[in-house]
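Engineer: Here this note's numbering runs 213 ahead of the position in the sequence shown, where the first position is 1.
What follows is a single structure, and I will ask about it in a moment.
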Amino acid sequence: YSTKHNPVNNPKRTWQEALTLPGATQMYYVKQLMDTKTTLDRIPAPDMLDQSITFGAEYMVAMKDAKGNYALVYMPVGKKTNLKTAFFKTKNISVDWYNPRLGTYQGKKFIAKSDNIEVTPPTTGMGQDWVLILEAVSN
Numbered sequence: 214y215s216t217k218h219n220p221v222n223n224p225k226r227t228w229q230e231a232l233t234l235p236g237a238t239q240m241y242y243v244k245q246l247m248d249t250k251t252t253l254d255r256i257p258a259p260d261m262l263d264q265s266i267t268f269g270a271e272y273m274v275a276m277k278d279a280k281g282n283y284a285l286v287y288m289p290v291g292k293k294t295n296l297k298t299a300f301f302k303t304k305n306i307s308v309d310w311y312n313p314r315l316g317t318y319q320g321k322k323f324i325a326k327s328d329n330i331e332v333t334p335p336t337t338g339m340g341q342d343w344v345l346i347l348e349a350v351s352n
């Protein structure tokens, strides 16, 4: 809300103050990451995920490009998980972690592609969200 007007829904702060909150900064960092990938061929990829978690604090979201060149998986809670990666067409994939709290990359490595992979973020637990970046590596 603006101090020039009466608040409608009991806001705790003005919109200008809200721009400096941690969540606003984190959205900026996530947008920076999203801007590094192609946009017109992005598709949701729920088939990559363990479907036993369908809501709540541990609910993960995945997307990939239609050509199988990359995938991004947002993990709101840092914990070990299994992902289905059979859609990649190359023999190897790169695995990198993006910290949306700081806007930094951490831990890029290369692995042989398999139909399923198990990944563990650099830090684990509540409040330790990560974006996993998977990319096809040219053979």
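Glycine included, C-beta positions come from ideal geometry on N, C-alpha and C.
1. Would the beta-carbon of Ile-306 fall within 8 Å of that of Glu-271?
2. Using CA atoms only, rank isn't needed, just tell me which of Glu-331, Trp-343 and Lys-293 is closest to Gln-239.
3. How many whole angstroms separate the CB atoms of Asn-329 and Lys-297, which I take to be in contact at a CB cut-off of 8 Å?
4. Assuming Lys-244 is part of the alpha helix (DSSP H), what are its boundary residues?
5. With which residues is Phe-323 paired in a DSSP beta bridge?
6. Ends of the alpha helix (DSSP H) at Glu-230?
7. Can you list, in chain order, the residues of its chain with a C-beta nearer than 6 Å to that of Leu-262? Leave out the 5 residues immediately preceding and following it.
Structural biologist: Let's see:
1. As a first step, residue 306 is located in the sequence shown; it is residue number 93 there, counting from the start. As a first step, residue 271 is located in the sequence shown; it is residue number 58 there, counting from the start. No.
2. Here residue 239 is taken as the residue at index 26 of the sequence shown, counted from 1. When Glu-331, Trp-343 and Lys-293 are compared, the shortest CA-CA separation from Gln-239 is found for Trp-343.
3. As a first step, residue 329 must be located in the sequence shown, where it is residue number 116. As a first step, residue 297 must be located in the sequence shown, where it is residue number 84. Correct: roughly 6 Å between the Cβ atoms.
4. Locating residue 244 in the sequence shown gives position 31, counting from the first residue. That run of the alpha helix (DSSP H) goes 235-247.
5. As a first step, residue 323 is located in the sequence shown; it is residue number 110 there, counting from the start. Answer is Ser-307.
6. If you number the sequence shown from 1, residue 230 lands on position 17. If you look at Glu-230, you'll find it in the alpha helix (DSSP H) that goes 228-231.
7. As a working mapping, residue 262 is identified with position 49 in the sequence shown. Within the same chain, Met-273 and Ala-275 come within 6 Å of Leu-262 by CB-CB distance, once the 5 residues on both sides are set aside.
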